[in-house]
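Count the sequence shown with the working numbering and you get residues 631 to 763, in order.
What follows is a single structure, written as structure tokens, with notes after it.
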Amino acid sequence: MKKRLNVGLVGLGCVGSAVAKILQENQEIIKDRAGVEIKIKKAVVRDVKKHKGYAFEISDDLESLIEDKEIDIIVELMGGVEAPYLLAKKTLAKQKAFVTANKAMLAYHRYELEQTAKNTPIGFEASVCGGIP
631 MKKRLNVGLV GLGCVGSAVA KILQENQEII KDRAGVEIKI KKAVVRDVKK
681 HKGYAFEISD DLESLIEDKE IDIIVELMGG VEAPYLLAKK TLAKQKAFVT
731 ANKAMLAYHR YELEQTAKNT PIGFEASVCG GIP
């Protein structure tokens, strides 16, 4: 197992910025419990100028995130249906793990994504069971 997993976030709105904050503030706890360091390497947003002060790269280039060989997991936090679906397909085609809490996208495309994923992890528990400890 790798000692560090590099994460790429898509979206830094209310949910995305909260996820980033939790991952950064709890790095040591996560490392102690999971045995692996979780590091946000990059986030992709629509307007880079609105997002300052983060300890990771901010970009508006979604393809660069997908193509980055150092990123192990892409976490989709942007909402909508078709754009997240295309992101999921491209991410899974690169055999990167994909995490989403996007109920709408999963309602339309879950089964196709599961087929696309095959042996690549895809997580969606937060979309239906976010409050379960």
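Ideal Cβ placement from N, Cα and C applies to all residues, glycine included.
{"Item": "Euclidean distance between Cα positions of Leu743 and Ala718", "Value": "7 angstroms"}
{"Item": "Supposed contact pair Lys682 and Glu700 - C-beta distance, whole angstroms, cut 8 angstroms", "Value": "Incorrect: roughly 23 angstroms between the Cβ atoms, too far for contact."}
{"Item": "Whether Ile668 touches Ile660 by CB criterion (8 angstroms)", "Value": "yes"}
{"Item": "Nonlocal neighbours in the same chain, by C-beta distance under 7 angstroms from Ala747, ignoring five residues either side", "Value": "Leu722"}
{"Item": "Continuous alpha helix (DSSP H) stretch holding Gly646: start and end", "Value": "644-655"}
{"Item": "Reference Asn732, options Lys680, Lys633, Gly641, closest by Cα", "Value": "Gly641"}
{"Item": "Beta-carbon proximity check, Ala673 vs Leu716, cutoff 8 angstroms", "Value": "no"}
{"Item": "Contact belief for Tyr741 with Val711 at Cβ below 8 angstroms, rounded distance in angstroms", "Value": "Their Cβ separation, rounded to whole angstroms, is 15 angstroms, which puts Tyr741 and Val711 out of contact at 8 angstroms."}
{"Item": "Ile696 in three-state terms, based on DSSP", "Value": "helix"}
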